[in-house]
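Worksheet: one structure, shown below.
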Amino acid sequence: MAILFKATRSLENQIDEYLDTVSQGLIVFGEGVRHYLERDSIRFEERIKAIERLEGMADSLRRSIEGGLYGHSLIPEHRGDVLQLLESIDDLIDMAKETLNQFLVEQPFIPKPLTRHYTELAQTSIQAGEAVIVATRAFFKNLSAVKDHLHKVYFFEKEADAIGNRLKLAVFQSDELELAQKMHLRYFALHIDNIADVAEEVADRLTIFAIKRTL
Amino acid sequence: MTLFLFSSGLFLGWSLGANDAANIFGTAVGSRMLRFRTAAIIASFFVVVGAVVGGSGTAETLGRLGAVNALAGSFTVALAAGVTVFWMTRASLPVSTSQAIVGAIIGWNLFSGSSTDGGTLGQIVATWVICPIIAGLLAAGLYLGLRFVLVRAHVHLLQIDWWTRAGLVLVGAFGAYSLGANNIANVVGVFVPAEPFGDLELFGLITVSGTQIVFFLGGLAIAVGIFTYSKKVMDTVGTSLIRISPEAALVVVLAQAIVLFVFASEGLRQWLIASGLPPIPLVPVSSSQAVVGAVIGIALVRGARELDWKMLGGIALGWVATPLIAALISLTALFIVQNVFDQTVCRPQAPLTVSVQ
Chain A
17 MAILFKATRS LENQIDEYLD TVSQGLIVFG EGVRHYLERD SIRFEERIKA
67 IERLEGMADS LRRSIEGGLY GHSLIPEHRG DVLQLLESID DLIDMAKETL
117 NQFLVEQPFI PKPLTRHYTE LAQTSIQAGE AVIVATRAFF KNLSAVKDHL
167 HKVYFFEKEA DAIGNRLKLA VFQSDELELA QKMHLRYFAL HIDNIADVAE
217 EVADRLTIFA IKRTL
Chain B
204 MTLFLFSSGL FLGWSLGAND AANIFGTAVG SRMLRFRTAA IIASFFVVVG
254 AVVGGSGTAE TLGRLGAVNA LAGSFTVALA AGVTVFWMTR ASLPVSTSQA
304 IVGAIIGWNL FSGSSTDGGT LGQIVATWVI CPIIAGLLAA GLYLGLRFVL
354 VRAHVHLLQI DWWTRAGLVL VGAFGAYSLG ANNIANVVGV FVPAEPFGDL
404 ELFGLITVSG TQIVFFLGGL AIAVGIFTYS KKVMDTVGTS LIRISPEAAL
454 VVVLAQAIVL FVFASEGLRQ WLIASGLPPI PLVPVSSSQA VVGAVIGIAL
504 VRGARELDWK MLGGIALGWV ATPLIAALIS LTALFIVQNV FDQTVCRPQA
554 PLTVSVQ
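Residue numbers (this note's numbering), protein chains in the order written: chain A, 17 to 231; chain B, 204 to 560.
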């Protein structure tokens, strides 16, 4: 029983660490987008390296948590839900890393007047991701507070959609850009917005899992 | 010969261990919260302790109902109860060893011409009816209390899991003790008046009474039943029959254990009498019905719209049908054992003497 208690404590810490890592990944993503828009390539590349490290850490933590939960047969009633939840949260940091890499590889040309929209879109998507991480923490420790955070996820996801639409409108109304550039910029708006969409998907799952836990 | 005649009690014990241990550890093992081996060791140890330490109270009540005073009679009565349980289980009818043994004893009373103490019988039947109700009320209260604490304490899901496991071990041990104390009378209680074993002195230090030997062997039979056959039942209980959370399972086992303990504890009875409160009758009750009562109690608290009337009807049917069937089988078996196998199934009872000072 003492060994199990130790394992339980260790897994609890790992879950916290995992959520911290994903949350840091989102912050790094926001910083990366900002540095790219400011054309600060040195700091942007530092952020790329940081998010790759964090994504690797998140993956290894997730695998370790999965192994621990199965190895010690912990939370048999909720194990499947918890693993699904952690895996879908992993999509957040994966998406953030992939988007930053696309900035690095494709180097989209973003005219100055549009940078404000991209920053706003990135920040709102990050807020949606942050809210779902807080809701996940509540799922483990304070079930009744889960819905207090989930409504924020849905709010930020809708906001991100609205900002994305405004951004795309501004892109396609621009006289300075070629159609190919416009398509390229739309593509990046969609990628950043995808982070909020992933957050919404996690929130949908979390809603069901929270209801299942109260039964 | 004594051991052979005792075998029907051992068989009853085995079947009790095989079936009723699942009421204590079924959900924990079925849902993989506990390993079967751990559960079986805890259950076996505490069942034997409960039988030897606390089994006398309920055995005395059964003795008041009918003192089966010949070993072949005890064998037949226990066999009749065992056959009833086996046959009703095969026919998928709800059955309890407690009710079967009471019916079988009444069968012996009828066969031997002994009178059945109406007061004791009434007390036993009333306890059967009350037992699932008390278990339901207890489970509802405990469940609400646990939910209140869990909502406010902000304990991590993994911590809840650990505490639930620890709780299932502790409460399971208590449940096994209570099962041994309460239900040992069903298994070997009918052998006590026949006194198949004499007192035994161990190393010149401890004297073990013949009754304690009877209870110990009965407890061992239950333990063998737990080890050899209860895993199957536990897997069924844990995975298909009752789908409740491990926390709710903890409450169910605790409620059941308390009910079985209350109706078996001589110490509690003495304390109530000393405090001027009405004593609780020490009666063997059905652990399965206590579990069903507890599950219904939790379901009602959680807002179940309708009760499973079929299940409740089954319990009520068990109160009437099981003793009747057991009494009939017992009567028939006693007739066969006495007239075909030429065994003494009852001895003439000494007339009641009243001393006049």
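By construction, the Cβ of each residue, glycine as well, lies at the ideal position given by its N, Cα and C atoms. From a predicted model like this one, the values you see are computed outputs, not experimental measurements.
Of the residues the options, the one placed nearest residue i, counting alpha carbons only
{"i": "L201 (chain A)", "options": "A:R63, A:I105, A:F188, A:D213", "result": "A:F188"}
{"i": "Y134 (chain A)", "options": "A:I179, A:K113, A:E192", "result": "A:I179"}
{"i": "F214 (chain B)", "options": "B:A493, B:G422, B:C549", "result": "B:G422"}
{"i": "G375 (chain B)", "options": "B:H359, B:P449, B:Q326, B:T323", "result": "B:P449"}
{"i": "K128 (chain A)", "options": "A:R55, A:S141, A:A226, A:F60", "result": "A:R55"}
{"i": "Y203 (chain A)", "options": "A:Q118, A:L166, A:E192", "result": "A:Q118"}
{"i": "V162 (chain A)", "options": "A:G46, A:S26, A:L99, A:I149", "result": "A:I149"}
{"i": "L403 (chain B)", "options": "B:V250, B:R368, B:V411", "result": "B:V411"}
{"i": "N210 (chain A)", "options": "A:L166, A:G145, A:F171", "result": "A:G145"}
{"i": "Y567 (chain B)", "options": "B:A529, B:V504, B:C549, B:V540", "result": "No answer is possible for residue 567 (chain B): the residues shown for chain B start at 204 and end at 560."}
{"i": "Q326 (chain B)", "options": "B:T230, B:F351, B:L485", "result": "B:L485"}
{"i": "S39 (chain A)", "options": "A:I64, A:Q143, A:K65, A:L99", "result": "A:Q143"}
{"i": "F394 (chain B)", "options": "B:L265, B:S234, B:F466, B:V328", "result": "B:L265"}
{"i": "L42 (chain A)", "options": "A:A215, A:H94, A:L99, A:E103", "result": "A:A215"}
{"i": "G566 (chain B)", "options": "B:L520, B:A493, B:F538, B:W522", "result": "Residue 566 (chain B) is absent from the model: chain B starts at 204 and stops at 560."}
Exposed unless 16 or more other CB atoms sit within 10 angstroms - verdict on residue i
{"i": "F125 (chain A)", "result": "exposed"}
{"i": "L405 (chain B)", "result": "exposed"}
{"i": "S57 (chain A)", "result": "exposed"}
{"i": "G496 (chain B)", "result": "buried"}
{"i": "I19 (chain A)", "result": "exposed"}
{"i": "G322 (chain B)", "result": "exposed"}
{"i": "V561 (chain B)", "result": "Here chain B comprises residues numbered 204 to 560, so residue 561 (chain B) is not present and cannot be evaluated."}
{"i": "S277 (chain B)", "result": "buried"}
{"i": "R148 (chain B)", "result": "Examination of residue 148 (chain B) is not possible in this model, given that chain B is present from 204 through 560 alone."}
{"i": "V557 (chain B)", "result": "Confidence at V557 (chain B) is low in this model, with a pLDDT of 42, below 50, so the placement of that residue is unreliable and no value is reported for it."}
{"i": "F45 (chain A)", "result": "buried"}
{"i": "V562 (chain B)", "result": "Because chain B here runs from 204 to 560, residue 562 (chain B) falls outside it and cannot be looked at."}
{"i": "A329 (chain B)", "result": "exposed"}
Where residue i sits in the DSSP three-state scheme
{"i": "V411 (chain B)", "result": "strand"}
{"i": "S468 (chain B)", "result": "coil"}
{"i": "L485 (chain B)", "result": "coil"}
{"i": "L405 (chain B)", "result": "strand"}
{"i": "L193 (chain A)", "result": "coil"}
{"i": "C549 (chain B)", "result": "coil"}
{"i": "R55 (chain A)", "result": "coil"}
{"i": "H207 (chain A)", "result": "helix"}
{"i": "Q123 (chain A)", "result": "coil"}
{"i": "R202 (chain A)", "result": "helix"}
{"i": "A294 (chain B)", "result": "coil"}
{"i": "H133 (chain A)", "result": "helix"}
{"i": "P396 (chain B)", "result": "coil"}
{"i": "D213 (chain A)", "result": "helix"}
{"i": "R350 (chain B)", "result": "helix"}
{"i": "S558 (chain B)", "result": "At S558 (chain B) the pLDDT is 43, less than 50, meaning the model places this residue with poor confidence; the figure from the coordinates comes in the next sentence. The answer is coil: DSSP assigns S558 (chain B) none of H, G, I, E or B."}
CA-to-CA distance, residue j to residue i, given in whole angstroms
{"i": "S297 (chain A)", "j": "N181 (chain A)", "result": "One cannot answer for residue 297 (chain A) here, as it falls past the ends of chain A, which runs 17 to 231."}
{"i": "N312 (chain B)", "j": "G87 (chain A)", "result": "57 Å"}
{"i": "N542 (chain B)", "j": "Q459 (chain B)", "result": "43 Å"}
{"i": "L324 (chain B)", "j": "A246 (chain B)", "result": "30 Å"}
{"i": "D32 (chain A)", "j": "R153 (chain A)", "result": "8 Å"}
{"i": "T525 (chain B)", "j": "S491 (chain B)", "result": "14 Å"}
{"i": "L35 (chain A)", "j": "I363 (chain B)", "result": "20 Å"}
{"i": "F430 (chain B)", "j": "S468 (chain B)", "result": "26 Å"}
{"i": "A74 (chain A)", "j": "D438 (chain B)", "result": "36 Å"}
{"i": "E114 (chain A)", "j": "G96 (chain A)", "result": "27 Å"}
{"i": "I227 (chain B)", "j": "G220 (chain B)", "result": "11 Å"}
{"i": "V250 (chain B)", "j": "G383 (chain B)", "result": "4 Å"}
{"i": "V358 (chain B)", "j": "I337 (chain B)", "result": "30 Å"}
{"i": "V498 (chain B)", "j": "L463 (chain B)", "result": "16 Å"}
{"i": "E122 (chain A)", "j": "Q197 (chain A)", "result": "11 Å"}
{"i": "A262 (chain B)", "j": "R240 (chain B)", "result": "30 Å"}
{"i": "I476 (chain B)", "j": "P482 (chain B)", "result": "6 Å"}
{"i": "R63 (chain A)", "j": "L130 (chain A)", "result": "22 Å"}
Residue-chain proximity (residue i, chain D), Cβ-Cβ < 8 Å
{"i": "V252 (chain B)", "result": "No chain D appears in the structure shown, which is made up of the protein chains A and B."}
Residue i beta carbon near the ligand FMN (any heavy atom closer than 7 Å)
{"i": "S247 (chain B)", "result": "As for the ligand FMN, it is missing from this structure, which has no ligand bound."}
Members of the segment 154 to 179 of chain A that neighbour chain B once the beta carbon cut-off is set at 7 Å: For the segment 154 to 179 of chain A, the set of positions with a beta-carbon nearer than 7 Å to some beta-carbon of chain B reads F156, K157, N158, S160 in chain order.
Contacting positions in the segment 62 to 78 of chain A - beta carbon closer than 7 Å to chain B: Listed in sequence order: no entries.
Positions along the segment 85 to 103 of chain A whose CB lies within less than 7 Å of some CB in chain B: Listed in chain order, the positions of the segment 85 to 103 of chain A with a beta carbon within less than 7 Å of a beta carbon of chain B are S89, L90, I91, P92, E93, H94.
Near-chain B residues of the segment 212 to 223 of chain A - C-beta to any C-beta below 8 Å: So nothing in the stretch comes that close.
Members of the segment 360 to 394 of chain B near chain A, C-beta cut-off 8 Å: The segment 360 to 394 of chain B vs chain A, Cβ under 8 Å: L360, L361, Q362, D364, W365, R368, A369, V372.
Chain A contacts made by the segment 225 to 255 of chain B, where a contact means CB separation under 8 Å: Residues S234, R235, M236.
Contacting positions in the segment 324 to 357 of chain B - beta carbon closer than 7 Å to chain A: Residues V354, H357.
Under 7 Å (Cβ pairs) to chain A, residues found in the segment 449 to 460 of chain B: So the list reads P449, given in the order they occur along the chain.
Residues of the segment 24 to 42 of chain A whose Cβ lies closer than 7 Å to any Cβ of chain B, in chain order: Residues of the segment 24 to 42 of chain A with a C-beta less than 7 Å from any C-beta of chain B: T24, L27, E28, listed in chain order.
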